[in-house]
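Right, one structure below, let's go through it.
Given below as structure tokens:
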């Protein structure tokens with residue numbers, strides 16, 4: 001897995017690393033990393049995630065401003081708890097995720113969202129309200 005934080009690409013010991021507000025992962029987001037970065041992360045780029053990455057739970061990243069999910073062919077859904085609001089999210093992009101079908105049933109509550117980009121997601125059933 002390749003990890004890039006603040007424009008530096010390196011190999012990391014996830015338990016010993018203090019990650020900043022920007023993270024790019026080529027591969028997949030390890031479950032062990034999520035508790036370490038979830039609350040502080042503001043920008044997340046996920047690319048080429050494998051078959052274990054089928055959904056993304058937005059509740060784990062309440063302060064995201066920018067989210068890119070790209071070329072993750074098994075990715076199907078975005079979820080979040082009822083009534084949960086992503087107060088800081090301004091940009092959300094999903095590209096080349098051919099299995100992507102849905103946003104949360106209750107809609108996507110993101111009052112600052114100014115750009116929603118969905119490209120080459122042929123199985124998408126509906127856009128968020």
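Numbering (UniProt numbering), first residue to last: 1 to 129. For glycine and all other residues, C-beta sits at the position ideal for the given N, C-alpha and C.
In this model, residue 39 and residue 59 are separated by some 9 Å (Cα to Cα). Residue state for residue 44 is assigned as strand, using DSSP reduced to three classes. Under the three-state reduction of DSSP, residue 58 is assigned to helix. The Cβ-Cβ distance between residue 79 and residue 56 falls below 9 Å.
Per DSSP, the beta-bridge partners of residue 91 are 66, 115. Exclusion of the five residues before and after residue 100 leaves 75, 76, 94, 121, 123, 124 as the residues of its chain whose Cβ lies within less than 7 Å of its Cβ.
Look at residue 52 here: in three-state DSSP terms it is coil, with no helix or strand label. Straight through space, the alpha carbons of residue 66 and residue 105 are spaced by roughly 21 Å. By the beta-carbon neighbour count (other beta carbons within 10 angstroms, threshold 16), residue 72 is buried.
A distance below 8 Å between beta-carbons, with the five flanking residues on each side excluded, links residue 85 to the following residues of its chain, in chain order: 109, 110, 111. In this structure, DSSP gives residue 99 a state outside helix and strand, which the three-state scheme calls coil. Here residue 127 is exposed: its Cβ has fewer than 16 other Cβ atoms, across all protein chains shown, within 10 Å.
Taken through DSSP and simplified to helix, strand or coil, residue 72 comes out as coil.
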